[in-house]
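Colleague:
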Amino acid sequence: MSDETRGLLLGLLGVAVFGLTLPMTRLATGSADAPQLSPWFVTWARAAIAGLLSIAYLGLTRSPWPQRAHRGPLALAALGNVLGFPLLLGWALRHVTASHAAVFIALLPLATAATAAWLMHQRARIGFWLFAGLGSALVVAFSLLRAHQMGHGFGFTWADTLLVGAVLAAALGYVGGTQVTPALGAERVISWVCALALPITLPGALLTWPTQAVSAGAWIGLAYVAVFSMWAGFFAWFRGLALGGALRVSQLQLIQPFIAIVVAVPLLGESLETLTLVFALAVVASVFLGRRFGGAPSATTPRPTAKATP
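In the working numbering, the protein residues as written are 1 to 310.
1) Whether or not the region 191 to 205 and the region 46 to 57 are in contact is what I'm after, with contact meaning three or more pairs of Cβ atoms, one per stretch, closer than 8 Å; do they touch?
2) For Leu8, name the three-state secondary structure that DSSP assigns.
3) How long is the line joining the alpha carbons of Gly19 and Leu93, rounded to whole angstroms?
4) By the 10 Å Cβ neighbour count, where 16 or more other Cβ atoms means buried, how is Met24 classified, buried or exposed?
5) Is Met1 buried or exposed, if buried means 16 or more other CB atoms sit within 10 Å of its CB?
6) What whole-angstrom Cβ distance do Ile261 and Ala282 have, given they're in contact under 8 Å?
7) Please find out if some non-hydrogen atom of the ligand ZN comes closer than 6 Å to the beta-carbon of Ala260.
8) In terms of residue numbering, what span does the alpha helix (DSSP H) encompassing Glu187 cover?
9) Mind the definition here: the region 79 to 92 touches the region 26 to 41 only if three or more C-beta pairs lie below 8 Å; say whether that holds.
10) Who pairs with Gly30 in a beta bridge, going by DSSP?
11) If you count every other CB in all the chains shown that lies within 10 Å of the CB of Ile190, and 16 or more means buried, which is it?
12) Val265 and Leu272 look like a contact to me (Cβ under 8 Å); what is the Cβ gap, rounded to whole Å?
13) Here's the rule: buried if 16 or more other CB atoms are within 10 angstroms of the residue's CB, otherwise exposed. What is Arg146?
14) Considering only their Cβ atoms, is the gap separating Ala197 from Phe85 smaller than 7 Å?
15) Do you know how far the Cα of Arg239 is from the Cα of Leu206?
16) How big is the Cα-Cα spacing for Ala169 and Leu79?
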């Protein structure tokens with residue numbers, strides 16, 4: 001088997017792992033009518049578990065400590081990917097379905113590219129910004145139509161605001177990780193991010209430990225997002241990008257929202273709604289066209305940390 005084929009298979013495995021993040025988070029937190037684990041606890045616990053695994057990995061590989069110049073970007077990655085994204089996503093999924101959230105999360109590649117262009121001072125062609133604006137407009141239109149369907153009038157709901165915040169937080173975290181990936185190596189970036197956050201995440205998990213009865217399914221959802229979404233999934237994804245070529249393998253992430261939508265049907269009992277599928281397809285198409293014809297900033301395409309939803 002060629003390295004390119006192996007890379008594509010590993011990349012597909014990584015996308016499949018990350019595609020389950022939304023439904024598994026919803027399974028862990030429950031809904032507003034049937035709450036399970038607190039989004040605060042899910043946020044702290046998933047990062048704490050990943051942090052303990054990261055310490056074992058860093059010790060076994062004898063990884064050197066990050067230098068002082070690496071700490072700022074690692075802190076930004078931790079703020080966005082350890083705290084901001086999972087917490088905002090967890091609270092949003094208390095009020096909307098995983099399928100609904102998948103439409104918003106589909107914007108993450110464009111949001112990451114735009115954030116890199118802003119923070120890393122990289123230029124993007126006008127075509128990229130036009131498709132980025134189109135994708136954003138599609139998400140806003142989807143939110144307004146969904147709110148109208150639910151009897152809330154044409155308005156942007158609080159849960160949708162949280163989802164937008166989650167996308168922005170993840171984009172900032174990915175850019176922070178991207179800045180230190182060449183020096184530390186892709187696998188070590190996520191491990192150091194989780195390990196360095198342990199002094200906050202471990203006490204946070206203990207202080208927010210649930211006192212009420214929680215279903216076994218919620219614990220399974222937490223275990224999944226901790227071990228796979230937060231940590232192990234990145235290993236397959238990073239290795240796939242390295243073997244198969246980032247430009248080719250990264251295109252696989254375009255199927256990630258549809259994995260979330262399809263998996264949510266048997267796992268959570270959600271229905272496949274035509275409106276959701278149509279807008280998910282339209283947003284993914286705008287992402288694809290923006291990256292293919294718009295000349296998105298190069299740092300976001302080849303860097304592993306800018307490619308998939310944690």
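Ideal Cβ positions, reconstructed from N, Cα and C, are used throughout, including at glycine.
Modeller: Looking at the coordinates:
1) yes
2) Here Leu8 sits in helix by DSSP.
3) Going from the Cα of Gly19 to the Cα of Leu93 covers about 15 Å.
4) buried
5) exposed
6) With 8 Å as the limit, Ile261 and Ala282 do not qualify as a contact, their Cβ atoms being about 14 Å apart.
7) What this structure holds is no ligand at all, so the ligand ZN is not there to describe.
8) Ala186 to Leu196
9) yes
10) Pro35
11) buried
12) 6 Å
13) buried
14) no
15) 33 Å
16) 8 Å
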